[in-house]
Amino acid sequence: MKHLFRLLVFLSLALPSVSAVSADQPDPNVAVARSSLKDFALISCLIAIDPGSSLANDLALSKRAFSFAGKGHYMIMQDEYTLEMTHDPYYETVVLMLQEAQKFIGIMKSGEVSQSYGCFQVYHSQTFDAFIATQDEYILPN
Numbered sequence: 480m481k482h483l484f485r486l487l488v489f490l491s492l493a494l495p496s497v498s499a500v501s502a503d504q505p506d507p508n509v510a511v512a513r514s515s516l517k518d519f520a521l522i523s524c525l526i527a528i529d530p531g532s533s534l535a536n537d538l539a540l541s542k543r544a545f546s547f548a549g550k551g552h553y554m555i556m557q558d559e560y561t562l563e564m565t566h567d568p569y570y571e572t573v574v575l576m577l578q579e580a581q582k583f584i585g586i587m588k589s590g591e592v593s594q595s596y597g598c599f600q601v602y603h604s605q606t607f608d609a610f611i612a613t614q615d616e617y618i619l620p621n
């Protein structure tokens with residue numbers, strides 16, 4: 480009986496801290512959606528480096544899979560009467576990615592410049608993660 484009481488006391492103290500930790504983590508569906516939106520933007524940034532290359536053609540196929548028409552997780556908002564686009568999380572994210580990537584220059588020891596360096600720097604930045612989180616209201620319901 481004494482052990483049962485100790486177990487109950489331990490659980491009553493431990494469970495609130497476990498739920499507090501999980502409250503900081505996004506819902507698994509939100510995490511998947513955010514990741515796919517980030518991937519969509521990264522792919523777009525890499526395509527922009529050399530749009531006519533065979534690598535860009537292959538990346539474009541992946542990009543379609545992450546898009547709204549593919550297996551995308553975000554809805555695109557349109558005016559119901561004019562069908563004019565009012566918000567496109569995919570477009571907004573790509574625009575931000577491309578603008579921010581220009582701020583990072585990957586200069587190699589040889590003097591060559593890496594354009595993809597900026598794409599990866601933005602992809603891993605806290606600023607980009609924060610922007611991605613602002614798109615949560617457009618995540619499609621399961």
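Quick note on our numbering: the sequence shown kicks off at 480 and runs consecutively. Glycine is no exception: its CB is placed at the ideal position from the N, C-alpha and C atoms. These numbers come from a predicted model, not from an experiment.
Under a Cβ-count criterion, where at least 16 other Cβ atoms within 10 Å of its own Cβ denotes burial, should T572 be classed as buried or exposed?
Here residue 572 refers to the residue found at position 93 when the sequence shown is read from its first residue. Only buried fits T572, as 16 or more other CB atoms lie within 10 angstroms of its CB.
Once DSSP output is grouped into helix, strand and coil, what is the label at G585?
Position 106 of the sequence shown holds residue 585. Note: G585 maps to strand in three-state DSSP.
In the DSSP assignment, what residue or residues form a beta bridge with I555?
On the sequence shown, residue 555 is found 76 positions in, with the first residue counted as 1. By DSSP's assignment, I555 forms no beta bridge with any residue.
Could you work out which residue in P507, L525, D506 is closest to Q600 when comparing CA atoms only?
For the purposes of this step, residue 600 is identified with residue 121 of the sequence shown, where counting begins at 1. Taking only the C-alpha atoms, the option nearest Q600 is L525.
Can you tell me which residues form a DSSP beta bridge with V509?
Translated into positions along the sequence shown, residue 509 becomes position 30. Beta-bridge pairing links V509 to no other residue.
Let me know if I586 comes out buried or exposed under the rule of 16 or more other beta-carbons within 10 Å of its beta-carbon.
As a first step, residue 586 must be located in the sequence shown, where it is residue number 107. It is exposed - the Cβ of I586 has fewer than 16 other Cβ atoms within 10 Å.
DSSP beta-bridge partners for S593?
One-based indexing of the sequence shown puts residue 593 at position 114. S593 is bridged to G585.
For N536, collect the residues of the same chain with a Cβ closer than 6 Å to its Cβ; drop the 5 residues on either side in sequence, then sort them by chain order.
Counting from 1 along the sequence shown, the entry for residue 536 is found at position 57. So no residue of the chain qualifies.
Alpha helix (DSSP H) segment containing T613, residue limits:
Start at 1 with the first residue of the sequence shown, and residue 613 comes out as number 134. T613 -> alpha helix (DSSP H) spans 605-613.
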